[in-house]
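Undergrad: One structure, as structure tokens, below. Some questions next.
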Amino acid sequence: MPGTSPTTHPDIPAFADRFNRYAWLLAVVLVALNAILTLPEVLTERIYPWDDALYAANGTFFLTIFQNLPAVVADPMAWMTEYYRQYPALFVRRQPPLFGIVESGVYGILGVSAIAAKLTVFLFSTLFIVGWFLAIKVWSHRASVAFLAGLLTLSLPMAVQLNTAIRPDIPALALFVWALYFFRIFQDRGQIGLAVALFISMLLAGSLYTYQLPMFGVIALFIYWGISDWPNNLKRRDIYLLGGVFSVLMIPLIIFTLKFAYDNVAGVVGPTVKDFEVFTPVSSKLDPRYWLYYVDMAWNLYRLPALGLILWLVTKWRFPIRKWETFILIWILVAYLGFSLFPSKGDRYAFYFMLPVLPLAAVATVDLWALVGRSRTVTLFRSLLVGTFVAAIVWNITNISSAQSPLTAGFDGVARGITSKFGSGNILYHGRLESAFIYYVRKEDQTRQFRVLRSGNEISANEDVSEFLKKSPIDFIVMQEDTSRKGSGYAEVYQPIHQKLLQILSAEDSAYQPWREFKIQYGLPGVESDVSLLVYTRKKMGEAH
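Under numbering that gives the first Met the number 0, the residue at position 306 of the sequence shown is numbered 305, and the numbers go up by one with no gaps.
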């Protein structure tokens with residue numbers, strides 16, 4: 000619409016058409032940027048040794064199920080119990096299964112490795128950024144807004160971390176944003192249609208079967224749909240189909256969560272669970288800080304999106320709130336209140352309500368561009384606007400390291416050394432990097448001849464360690480140099496056991512002897528340090544080999 004005043008028709012400014020003509024090219028640029036920012040880490044064999052190792056192990060678990068279907072079908076509980084007894088570092092009880100199932104397919108093609116697990120997330124991150132771009136484009140009717148929001152998203156430090164971590168956040172969001180895309184397309188047509196309604200409900204359900212945290216976005220979508228045109232919505236069969244199918248699909252997930260992930264639910268609706276106390280900065284829901292915690296976090300850790308939200312508020316003096324912006328506001332509010340309700344707090348949770356802020360920051364930038372077009376100093380203002388936006392992206396990228404987590408590498412060599420030298424045996428691992436060790440032993444132990452026990456789970460602080468070793472058929476003890484997670488309660492669990500084990504292993508009459516020392520790497524990328532792993536074997540076993 001050449002010559003149209005931006006205040007008269009705020010949805011489609013005059014210059015937006017040229018961006019819409021090159022929408023797919025802009026999407027390709029976003030895909031390329033995502034690859035540039037993430038592939039160097041994705042293609043490196045190292046892993047966050049706690050949650051990421053557990054999510055990676057889920058893929059191995061499901062791959063093993065598919066490889067042993069007759070035995071699993073014959074007695075599923077017995078099979079899964081035995082598997083967990085051998086390799087206990089899993090997230091299958093607490094988390095939905097879809098990410099692990101997809102991950103197992105990638106393992107089947109590429110083999111089990113941290114790289115293969117991260118490539119699974121990379122594929123989803125590509126799907127996510129394309130879907131996010133298209134969803135914002137059809138909701139805002141502006142490819143320019145979608146492209147700028149995509150740039151802000153990809154360069155956000157937390158987004159880069161999630162795109163390179165072995166976690167289901169981005170896979171779940173990928174399915175959710177594609178549901179937003181199809182929802183908006185067919186909502187604009189006035190009738191979604193039964194087949195598409197079924198497809199959208201499956202995407203929304205698939206998102207939650209991948210990870211539950213996009214649930215607040217799903218709730219916001221249904222709220223928006225309900226209030227946007229509710230008299231007509233009551234007459235539409237496709238709406239009843241979408242809601243009905245989605246509700247039916249949610250029943251198994253709800254039952255699974257209540258039955259097997261009850262501690263997760265208790266941590267949300269009940270008092271603070273002891274295991275999560277370290278993640279609970281404010282315990283009382285009556286304390287205002289409990290509900291304002293994320294305001295401070297958003298300003299400190301999500302400074303650019305927070306400034307973008309302020310900029311959007313400033314532009315509202317000339318541009319009315321559009322209908323699609325109403326949905327974004329509902330999404331932000333529902334997600335903020337939902338995550339504030341959780342006793343456990345975290346910067347990763349904040350990502351779920353700061354993500355929808357980015358389209359508002361993008362539309363504010365585009366609105367300012369259109370607004371200064373009426374100024375006498377157009378070139379100067381637009382140059383400043385472009386320069387500021389580019390500086391913001393560069394600032395985001397330079398701060399990517401601030402969101403990095405400690406990683407570990409070298410466990411594959413340790414696991415290969417043990418499994419290739421000894422055909423079978425029971426391994427007791429002592430140390431906080433146990434989940435990574437278990438993941439790699441399972442990777443190398445393709446015929447499942449080994450069993451790994453965790454000292455922190457098998458031995459209590461008050462237990463006689465020597466008696467435990469006598470009654471337990473432990474063939475190997477792997478002692479990790481003390482690298483307990485600082486600021487947590489883990490040290491009080493491992494330190495007493497650590498000293499007792501050292502005394503037993505160093506005694507002259509010890510049943511164990513040192514076999515080999517391995518070095519692994521642990522720390523933030525670029526500042527890793529060596530960590531020693533000393534492997535002890537039973538004396539008779541060591542002599543036999």
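Virtual Cβ for every residue (Gly too), placed ideally from N, Cα, C.
Given a cut-off of 7 Å on the beta-carbon distance, is the pair SER434 and ALA52 in contact?
TA: yes
Undergrad: How would you write the range of the beta strand (DSSP E) that PRO342 sits in, first residue to last?
TA: Taken as a continuous stretch (DSSP letters only), PRO342 belongs to no beta strand (DSSP E), as it is neither H nor E.
Undergrad: Excluding the five sequence neighbours on either side, which residues of its own chain have a C-beta within less than 7 Å of the C-beta of TYR301, listed in chain order?
TA: ALA349, MET353
Undergrad: Determine the burial state of LYS442: buried for a count of at least 16 other Cβ atoms within 10 Å of its Cβ, exposed for fewer.
TA: Counting the other Cβ atoms within 10 Å of the Cβ of LYS442 gives 16 or more, which makes it buried.
Undergrad: Enumerated in chain order, which unbroken segments of the alpha helix (DSSP H) with a length of 4 residues or greater are wholly contained in the stretch 102-159?
TA: 113-139, 142-154
Undergrad: Return the CA-CA distance between PHE380 and VAL365, expressed in angstroms with no decimal places.
TA: Approximately 13 Å between the Cα atoms of the pair.
Undergrad: Who are the Cβ neighbours of SER401 in its own chain at under 6 Å, not counting the five residues just before and after it?
TA: PRO156
Undergrad: Could you name the residues of the same chain whose beta carbon sits closer than 7 Å to that of MET214, not counting the 5 residues immediately before and after it, in chain order?
TA: LEU207
Undergrad: Put LYS485 into one of helix, strand or coil per three-state DSSP.
TA: Bear in mind that a pLDDT of 48 at LYS485, under 50, signals an unreliable position, so the model cannot answer this.
Undergrad: Are there 16 or more other CB atoms within 10 angstroms of the CB of VAL530, so buried, or fewer, so exposed?
TA: buried
Undergrad: In whole angstroms, what is the alpha-carbon distance linking PHE412 and ALA506?
TA: Rather than Phe, the amino acid found at residue 412 in this sequence is Gly. Rounded to the nearest angstrom, the two C-alpha atoms are 29 Å apart.
Undergrad: Is the beta carbon of SER343 closer than 7 Å to that of THR279?
TA: yes
Undergrad: Starting from PRO96, trace the alpha helix (DSSP H) both ways and give me its first and last residue.
TA: PRO96 -> no alpha helix (DSSP H), and no H or E assigned at all.
Undergrad: With ARG288 as the anchor, note down where its alpha helix (DSSP H) starts and where it stops.
TA: First-last of the alpha helix (DSSP H) with ARG288: 287-300.
Undergrad: Distance, Cα to Cα, VAL41 vs LYS234?
TA: 49 Å
Undergrad: Considering only residues of the same chain and omitting the five flanking positions on each side of LEU580, which have a CB-CB separation below 6 Å?
TA: Residue coverage of the chain in this structure runs from 0 to 544, which leaves residue 580 outside it and unanswerable.
Undergrad: Among all the DSSP beta bridges, which residues are the ones paired with TYR511?
TA: ARG537
Undergrad: For a quick check, are the C-beta atoms of LEU202 and ASP237 less than 7 Å apart?
TA: no
Undergrad: Give me, in chain order, the residues of the same chain whose beta-carbon lies closer than 8 Å to that of TYR21; leave out the 5 immediate sequence neighbours on both sides.
TA: Contacts found: ALA142.
Undergrad: Whole angstroms are fine: how far does the CA of GLY430 sit from the CA of SER487?
TA: Because SER487 carries a pLDDT of 49, less than 50, the predicted location of this residue cannot be relied on, and no value is offered for it.
Undergrad: Alpha carbon to alpha carbon, what distance is there between ALA510 and ASN395?
TA: Here the C-alpha atom of ASN395 lies approximately 55 Å from the C-alpha atom of ALA510.
Undergrad: With DSSP as the reference, label LEU42 as helix, strand or coil.
TA: Here LEU42 sits in coil by DSSP.
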